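Colleague:
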Amino acid sequence: MTAQPPPSLKPQTLRLSLTDRCNLRCRYCMPAKGVAFIPHSQLPSLEELAQAVAFLVQHLRVNRVKLTGGEPLVRKGVVGLVAMLAGLSGIEEVSMTTNGTRLSALAAELKAAGLARVNVSLDTLNPERFRELTRGGDVTEVLAGIAAAQREGLSPVKLNAVLRASTFREDVPELLAYACAQKLELRFIELMRTGTEAAWAEREYVSAQKVQAFLAQQGELIPLVGQANGPARRTLFRFSGGEVLLGWITPVSHSFCDACNRLRLDAQGRLRRCLMDPYTVPLVALLRQGEKKALAELWPYLADKKPPAAMQSQLPMSAVGG
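Position 305 of the sequence shown, counting from 1, maps to 305 under the UniProt record's numbering, and the rest follow consecutively.
(1) Just tell me which of GLU291, ALA303 and ALA296 has its CA closest to the CA of GLN58.
(2) Going by DSSP, what residue range makes up the alpha helix (DSSP H) through PHE214?
(3) Which residue marks the beginning of the beta strand (DSSP E) containing ALA161, and which one marks its end?
(4) Measuring only the C-alpha atoms, how far is LEU122 from SER17?
(5) By the DSSP assignment, the alpha helix (DSSP H) with ILE146 in it spans what residues?
(6) According to DSSP, is MET84 helix, strand or coil?
(7) Can you tell which of CYS260, LEU298, SER104 and PRO44 has its C-alpha closest to the C-alpha of THR13?
(8) So what does MET96 bridge to, in DSSP terms?
(9) Contact defined as beta carbons within less than 8 Å: I believe THR19 pairs with VAL74. What is the distance between those atoms, to the nearest angstrom?
(10) Mind checking ARG27: buried by the 16 CB within 10 Å criterion, or exposed?
(11) Short check: CB of TYR205 to CB of GLU190, under 8 Å?
(12) Of all the options LYS293, LEU287, ARG288 and LEU265, which has the alpha carbon lying nearest to the alpha carbon of THR280?
(13) Distance, Cα to Cα, SER240 vs TYR178?
(14) Closest to LYS10 by C-alpha separation, out of LEU43, LEU60, CYS29 and SER45, would be which residue?
(15) Would you be able to state if there are at least three C-beta pairs under 8 Å between the segment 152–161 and the segment 127–142?
(16) Answer yes or no: do THR124 and THR167 have a C-beta to C-beta separation smaller than 8 Å?
(17) Excluding the five sequence neighbours on either side, which residues of its own chain have a C-beta within less than 8 Å of the C-beta of GLU71, listed in chain order?
(18) So what's MET1 in DSSP terms, helix, strand or just coil?
(19) Spell out the partners DSSP gives ARG288 in its beta bridges.
(20) Please check the pair GLU216 and ILE38, which I expect to be a contact at CB under 8 Å, by giving their CB distance rounded to whole angstroms.
(21) With distances taken Cα to Cα, identify the nearest neighbour of ASP277 among LEU298, LEU263 and CYS180.
(22) Consult DSSP for LEU18 and reduce its assignment to one of helix, strand or coil.
(23) Between ALA86 and GLY114, which are expected to be in contact by the criterion C-beta below 8 Å, what is the C-beta distance as a whole number of angstroms?
(24) In chain order, what are the residue ranges of uninterrupted beta strand (DSSP E) at least 3 long that sit wholly in the segment 176–209?
(25) So THR235 is in the beta strand (DSSP E); what residue range does that whole segment cover?
(26) Which term fits GLY153, buried or exposed, when burial requires 16 or more other beta carbons within 10 angstroms of its beta carbon?
(27) Since PRO223 is in the beta strand (DSSP E), which residue starts that stretch and which ends it?
Have a look at this one:
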């Protein structure tokens, strides 16, 4: 058994879910009520998470970590964890995906701890639509968080917007104007049929191609050849208001499984090869028994082929850190 990653193994990005809890209830992510959250006693400690990341750095060439949830900023001690991860040898970048509602209060501390940048979820700028989609959220809190992130240098700040068939004609132009004015990158994400809202997601799904055709009537979409780290296909959109760098994440219409270099550690410390993978390795629990035990379970799991792209997860997105 080798203690080192195979020479052919490419650098990996780890999505690290800190919690399944969130202060919003976005319809595509969580049910409105009746959510059975993971008991705090079953969550790995922050030290155990840092140990697991260090293990993956050594054995799987992980060099980038993105903190997710749920909402990562509701996890107590998150700033300290950022500092631990940023200090690991071999880690080139620690970033975060957040709903932005707590970002204005924590942006300065996160930057000082070593957080490089943030992705902020913002599906609509319309206060009523935002409140309906998030079941009670206040979009002004998110906008304040984005402003704080820019002010503290957590850049480039990227916006993540999930596309919906019923609202994209209103939301997309408004988001484009905002991203252009604030000099933000905007990433459009196809709605996935996950968890308990699969029927709603089926009705609300719209392909990236349809949205691109809509945008082509209003400006020019220019494909960019050199792709950035991650699954997004990038284009530059030029329109009367200026230009915006766009990313397109298309898990439904155009999967990126062949090029995927991501691993996921969920909120219970289980390693997943894929967001849609029902099979996991309880990495944190195995590391409590020693690295040899963890490696013995890890290599056979990773040797198996990833699940097909067409699989649809029945888990809520908050449970796996989508």
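Think of the CB as a built atom: it goes at the ideal place given N, C-alpha and C, for glycine as much as any other residue. In this text the structure is predicted, and so the values were computed from the model without any measurement.
Modeller: Short version:
(1) GLU291
(2) 208–216
(3) 158–162
(4) 19 Å
(5) 139–152
(6) helix
(7) CYS260
(8) LEU67 and VAL118
(9) 6 Å
(10) buried
(11) yes
(12) LEU265
(13) 13 Å
(14) LEU60
(15) no
(16) yes
(17) THR19, ARG21, CYS22, ASN23, LEU24, THR98, ASN99, THR101 and ARG102
(18) With a pLDDT of 45 at MET1, under the threshold of 50, the modelled position of that residue is not reliable, and no figure is offered here.
(19) ARG288 pairs with nothing; no bridge assigned.
(20) In the sequence on display, residue 216 carries Ala and not Glu. In fact, because the Cβ distance is near 44 Å, the residues do not count as touching under 8 Å.
(21) LEU263
(22) coil
(23) 3 Å
(24) 185–189
(25) 233–239
(26) exposed
(27) 219–223
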